[in-house]
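Worksheet: one structure, shown below.
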């Protein structure tokens, strides 16, 4: 994790590269990207949990099979 001096250098580099007016747009885009990533992560986690719950239901549901056999003639 960057320390205090590294953060200052990063901020100066961002100011030089993007300028003062572009930074709010850049940060808005970054925030939107992070929010979309977290939403996708939450959706994937929910789908996995739902899938696991479905497997549990399938495992606990008793299956009935017919065990009638027909005699085989020799």
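Residue numbers (the working numbering): 43 to 116. Glycine is no exception: its CB is placed at the ideal position from the N, C-alpha and C atoms.
Whole-Å CB distance - residue i paired with residue j, under 8 Å assumed
i, j, result
"residue 58", "residue 65", "Residue 58 to residue 65, Cβ: 11 Å. No contact."
Cβ-Cβ distance between residue i and residue j below 8 Å
i, j, result
"residue 54", "residue 44", "no"
"residue 68", "residue 79", "no"
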